[in-house]
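One structure below.
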Amino acid sequence: ALMTEPQADAEPQQEEQQQQEEEAEPKVVVQDPPTEQAEAEAENDEKNEEADAAETETLQISAAGQMGDLAPTQSTATAEKSAAQINDDGSSTAPIKRAFLCGDFITEGQNTAMWLVFTALYWTALIWIQVLSEKSFANAGFIVWCIGAIGLFGSSYTLYEGKYPSGATKDDPYQTNGIGRWTAFILTGTVIVDFCILAFVGMLQGTSSLPALDVMRGGGHFIHIFWTSLFYYNKFMKSNPDIATSAFFLEWFDMAMSTAVVFVLHSKEGSEEGGCFDQAICIVYFTFVVLELFGWIFPMMLIETWGTEKNGRVVSTHLFFLDLTTDIMVMLAVLIEGSYTVSGLIMFDVIWKTLSVIRSFSYYLVYQIWLNKGQKVFKRS
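Each residue of the sequence shown is one higher than the last, beginning at 711 in our numbering.
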């Protein structure tokens, strides 16, 4: 049969319309389920991306560290809060531990309470036994104890209010200028003064043995000073453990050696008339033991930023000048007087101080202060 002309033109138009409708319909693509190999590759890609991001952030922090102190970024601030278990509102979900030698077994508040109880018991008992036995209040030790009692009661009140000797508070464990720092300064300052008075009186007594009460009081004072230093070195330990650990034990050993030498000189060089101060070396050792006690404890109690910096330049500067003004002078005096022949302990002390001075110049002055390499030492725990 023959097709008419309109019918012939309609067929192509119908085909084009059908084709357009097929293209407009959404096509559903059925994907095969991912294989184990594809999942492993995707997981490796995610790990590589995370590693690249961490490496980039580390390089940025290192570059910033070469320009000075690190500025806290959002990521580092978040990490620090997470490590310290601090919420966004500032509240902490875990107690802050602040005991340098006791690890996580004791808080700073408990440590302060034991420190105050120990000081009150030994100092009060020994002073009042002496006063009652002599039946006299005209005693330098009793006058110093009265001043120390102000610091003792003041520290007790500040502890009750949650303020600690390091300057921290119960509400803000990272604070450094709390009133507890200043009441502790009054207490420990009078303890050091009383210790120096005891040593001075003992050096004037010739070769005779020191009274037992004075020896016990001096020993208690030494423990008190050691205990006080823990509050400040604990903060330094958390920000810069390498310098804190070495500096703490080296400085204390140096002071203990100097104190032991004073007692050796008292027993071997002292006379019944003028005591040990007849000898120039006795005067030198006693003077610099006093300077070392004051020069070591007082800066860490008075400088609020002591031990809180990442690079530790304040502490390094303090310890360098302390060694410069004490150890070197004692070494020169001993070598000039030839006092190292008096006792083997003095010879050992001179050798120890020589090594300490070498370390002080090379480590504190060059490495920490001049090259400013302390910022590369970070907290490990």
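Backbone N, C-alpha and C define an ideal beta-carbon position, used for all residues, glycine too. On a predicted model such as this, the values are computed, not experimentally measured, just so you know.
### Query
Less than 8 angstroms separating the beta-carbons of Phe1008 and Ser1070?
Contact flag unset, no.
### Message
Going by DSSP, what residue range makes up the alpha helix (DSSP H) through Val1076?
### Response
Run containing Val1076: none; DSSP gives neither H nor E here.
### Message
I want to know whether the region 1062–1069 touches the region 952–965 - three or more CB-CB distances under 8 angstroms.
### Response
Segments in contact, yes.
### Task
In angstroms with no decimal places, state the Cα-to-Cα distance between Phe1004 and Ile902.
Approximately 8 angstroms between the Cα atoms of the pair.
### Task
Out of Tyr1050, Phe936, Glu756, state which residue places its alpha-carbon closest to the alpha-carbon of Gly899.
The shortest CA-to-CA distance from Gly899 to any of Tyr1050, Phe936, Glu756 is the one to Phe936.
### Query
Are Tyr995 and Ser977 touching if we call contact CB-CB under 8 angstroms?
Between Tyr995 and Ser977, the CB-CB gap reaches or exceeds 8 angstroms.
### Query
What is the residue span of the alpha helix (DSSP H) that Glu818 lies within?
For Glu818, the enclosing alpha helix (DSSP H) begins and ends at 818–844.
### Task
For Leu1081, count neighbouring Cβ atoms within 10 angstroms of its own Cβ and tell me buried if that reaches 16, exposed if not.
Leu1081 is classed as exposed because its beta carbon has fewer than 16 other beta carbons within 10 Å across all chains shown.
### Message
Do Ala878 and Tyr870 count as a contact pair if the criterion is CB distance below 8 angstroms?
### Response
In this structure, Ala878 does not lie closer than 8 angstroms to Tyr870 by Cβ.
### Message
Does Lys945 pass the burial test, meaning 16 or more other C-beta atoms within 10 Å, or should it be called exposed?
### Response
Counting other Cβ atoms within 10 Å of its Cβ, Lys945 reaches 16 or more and is therefore classed as buried.
### Message
Measuring alpha carbon to alpha carbon, tell me which residue in Trp1016, Cys986, Leu1034 is nearest Ala909.
### Response
The shortest Cα separation from Ala909 among Trp1016, Cys986, Leu1034 belongs to Cys986.
### Query
Identify the residues that DSSP records as bridge partners of Lys1063: which are they?
According to the DSSP secondary-structure assignment, Lys1063 is paired through a beta bridge with no residue.
### Neighbour-count burial assignment, Gln1078, 16 or more Cβ in a 10 Å radius
Label assigned to Gln1078: buried.
#### Entry: Rounded C-alpha distance that separates Glu1019 from Tyr1073
Straight-line spacing of the CA atoms in Glu1019 and Tyr1073 works out to 17 angstroms.
### Message
Just verifying my parser: in three-state terms, what is the DSSP assignment at Lys873?
### Response
DSSP places Lys873 in the strand class (E or B) of the three-state scheme.
### Pair within 8 angstroms by beta-carbon distance, Val972 and Ser1053
Taking 8 angstroms as the Cβ cut-off, Val972 and Ser1053 do not qualify as a contacting pair.
### Message
Among the candidates Leu1012, Gly912, Thr938, whose CA atom is the shortest distance from the CA of Met926?
### Response
When C-alpha distances from Met926 are compared across Leu1012, Gly912, Thr938, the shortest belongs to Gly912.
### Query
Does the Cβ of Thr1015 have 16 or more other Cβ atoms within 10 Å, making it buried, or fewer, making it exposed?
Answer is exposed; the Cβ neighbour count stays below 16.
### Message
Counting C-beta neighbours from all protein chains within 10 Å, is the total for Lys845 16 or more, i.e. buried, or is it exposed?
### Response
With fewer than 16 Cβ atoms within 10 Å of its Cβ, Lys845 is classed as exposed.
### Query
Between Phe810 and Ile896, what straight-line distance do the alpha-carbon atoms span, to the nearest angstrom?
Per-residue confidence for Phe810 stands at a pLDDT of 45, beneath the threshold of 50, marking its modelled position as unreliable; the derived number appears in the next sentence. C-alpha of Phe810 to C-alpha of Ile896: approximately 22 angstroms in a straight line.
### Query
Taking Leu940 as the reference, which of Leu1055, Cys992, Pro875 has the closest Cα?
Checking every option, the nearest Cα to that of Leu940 belongs to Pro875.
### Message
Going by DSSP in three states, Thr879 sits in which element: helix, strand or coil?
### Response
In this structure, Thr879 counts as strand in the three-state DSSP scheme.
### Task
Tell me whether Ile860 is buried or exposed, calling it buried when 16 or more other Cβ atoms sit within 10 Å of its Cβ.
Exposed, since its Cβ has fewer than 16 Cβ neighbours within 10 Å.
### Query
Leaving out five residues before and five after Leu1001 in sequence, what residues of the same chain have Cβ atoms less than 8 angstroms from its Cβ?
Taken in chain order, the residues that qualify are Thr1035, Thr1036.
### Message
Measuring only the C-alpha atoms, how far is Val1076 from Gly1017?
### Response
Cα to Cα, the separation comes out at about 19 angstroms.
### Query
Just to confirm, are Ala970 and Leu831 a CB contact at a threshold of 8 angstroms?
It is not a contact, given that the beta carbons lie outside the stated cut-off.
#### Entry: DSSP three-state assignment for Asn849, whether helix, strand or coil
Secondary structure at Asn849: coil, using DSSP grouped into helix, strand and coil.
#### Entry: Contact belief for Leu923 with Ile1038 at Cβ below 8 angstroms, rounded distance in angstroms
The Cβ separation is near 36 angstroms, so there is no contact.
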